[in-house]
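Here it is as structure tokens:
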């Protein structure tokens, strides 16, 4: 496998959706190419960074309004 | 897919009972259960809605409308998907309607021109006349903090800006997958796209995010005097 093929397969690899033969070639290349090993690490690092983005929350007023709407809803 | 107990796989787990119990409590008017749901899903919903509409305010409106629709519609929930997927479908439909008004909506069924082509600049690889065609000319530079679990505030800033600049559909998919932690099955089901298209969009978005971090770390390394 060449490096330019490897970089296009990282997402499928991480999702575990490569077919068996391709996964073997992918793992083989990973084992012997430091550049691609680093590339894969950096993709993982990007994913980790994405997971740390702070959340915006619903304003308290909106939350109160929704709780009231739930309370006041006429159930059959 | 998994109909019951999927809420246990939520990125902020531990608070919600399994779907069947949750649904029964909501139908029974249990306010504590509703509040727990509201607090655990609203943030993710805001972020997902924000990927479709032009402002934070509109995203808040969409999320509120979604909760009202859930309150009114919970009796019609049939358990064919998880409760969370069902709720997100409502959200996405409402967000799309708003998106049309904001004229930002794009068809999801097929891929767009921006979804094709190499995700890494071809000039970074050796050409046909070089000793090893298709292999790195020079390895990607090491990142100062890539080995550690620590993510700096600045890196977060960079990644946030990268998200904002992504094509719309790539942004929606990477937001749901990597920011919110949804599985690919859930994302396909929420957005009604194929697994293959979902992967293409995610792949391009991740490659773009990595490349923005690369540019950032290259600058910060050169100012800190760190060599690759």
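Chains as they are written, first to last, in the working numbering: chain A, 313 to 388; chain B, 1282 to 1509. Backbone N, C-alpha and C fix where the C-beta goes; we use that ideal spot for every residue, glycine too.
- Annotation: residue 1396(B) has no Cβ neighbours in chain A at a cutoff of 7 Å; minimum Cβ distance is about 13 Å.
- Between the alpha carbons of residue 1301(B) and residue 1335(B) lies a distance of about 35 Å.
- Cβ-Cβ separation between residue 1329(B) and residue 1456(B): approximately 6 Å, consistent with a contact (criterion under 8 Å).
- The C-beta of residue 1339(B) comes no closer than 8 Å to any C-beta of chain A.
- For residue 337(A), the closest Cβ of chain B is not nearer than 8 Å.
- Cβ-Cβ distances below 6 Å link residue 1424(B) to 1498 in the same chain, with the five nearest sequence neighbours on each side left out; the list follows chain order.
- Residues of the region 1474-1489 of chain B whose Cβ lies closer than 7 Å to any Cβ of chain A, in chain order: 1480, 1483, 1484, 1487.
- At a Cβ-Cβ threshold of 8 Å, residue 1341(B) and residue 371(A) count as neighbours.
- Every alpha helix (DSSP H) of 4 residues or more that sits fully in the region 1455-1492 of chain B is shown, in chain order, as 1465-1472.
- Straight-line spacing of the CA atoms in residue 361(A) and residue 355(A) works out to 10 Å.
- Under a criterion of Cβ atoms nearer than 8 Å, the residues of chain A adjacent to residue 1400(B) are, in order, 319, 320.
- Within the DSSP bridge table, the entry for residue 1406(B) names 1417(B) as partners.
- Pairing residue 1417(B) with residue 347(A) gives a Cβ-Cβ distance under 8 Å.
- Under the three-pair Cβ rule at 8 Å, the region 1299-1313 of chain B does not count as touching the region 1404-1421 of chain B.
- Per DSSP, residue 1424(B) lies in no alpha helix (DSSP H) segment and is marked neither H nor E.
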